[in-house]
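Peer 1: Here this note's numbering = 1-based position in the sequence shown + 2.
Note that beta-carbon positions come from the ideal geometry of N, C-alpha and C, so glycine has one too.
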Amino acid sequence: VQLQASGGGLVQAGGSLRLSCAASGSIGGLDVMGWYRQAPGKQRELVASISRGGNIMYGGSVKGRFTISKENAKNTVFLQMNGLNPEDTAVYYCNWRGRDWSQYYWGQGTQVTVSS
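1. Output needed for serine 118: all residues of its chain with C-beta closer than 6 Å, excluding positions within five of it in sequence on either side, in chain order.
2. Just list the beta strand (DSSP E) runs in the segment 34–75, keeping only unbroken ones of 3 residues or longer that don't cross its boundaries, in chain order.
3. Between Ala25, Gln45, Lys72 and Ser28, which lies nearest to glycine 55 when the distance is taken from Cα to Cα?
4. Between glycine 9 and glycine 109, what straight-line distance do the alpha-carbon atoms span, to the nearest angstrom?
5. For alanine 25, which beta-bridge partners are listed by DSSP?
6. Where do the N-terminal and C-terminal ends of the beta strand (DSSP E) with arginine 99 fall, by residue?
7. Between which two residues does the beta strand (DSSP E) harbouring glutamine 113 extend?
Okay, structure coming up:
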């Protein structure tokens, strides 16, 4: 399984970015797709996840600002980030996994930097 993430960059506070993560390979059984982020000196945290059935979870700090979606035909998951603030600065990782984490894969990470 390979995950190719894209869409990070530098944006001013209040701006928007859209991340994409395309999966290839044997992705059968990987039922949950998500985005995590890790800021310097902090633990990796959930940003948002979406299941094949469409169940969505968001981390508390991004609710109402970020939207996760997927395009099944292209095995791609998206993260639309609006209202970005400097606290959102981190490396963002996409993740595809089985429901019980018995299988999981990480993308290479994409840097998001929000300037004040």
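Peer 2: Considering the structure as presented:
1. Counting from one through the sequence shown, the residue named residue 118 turns up at place 116. Closer than 6 Å at Cβ, skipping near neighbours: Ala15 and Pro88.
2. Runs of the beta strand (DSSP E) spanning 3 or more residues and lying entirely within the segment 34–75 occur at 34–40, 47–53, 58–60 and 68–73, in chain order.
3. Here residue 55 refers to the residue found at position 53 when the sequence shown is read from its first residue. Among Ala25, Gln45, Lys72 and Ser28, the Cα nearest to that of glycine 55 belongs to Lys72.
4. Position 7 of the sequence shown, counted from the first residue, corresponds to residue 9. Position 107 of the sequence shown, counted from the first residue, corresponds to residue 109. Our two residues, glycine 9 and glycine 109, have alpha carbons roughly 13 Å apart in a direct line.
5. Counted from its first residue, the sequence shown places residue 25 at position 23. Per DSSP, Leu5.
6. Within the sequence shown, residue 99 is the residue found at index 97, counting from 1. It spans 92–99 - the beta strand (DSSP E) in which arginine 99 sits, taken as one unbroken run.
7. Taking the sequence shown and counting its residues from 1, the one referred to as residue 113 is at position 111. Note, glutamine 113: beta strand (DSSP E), 112–117.
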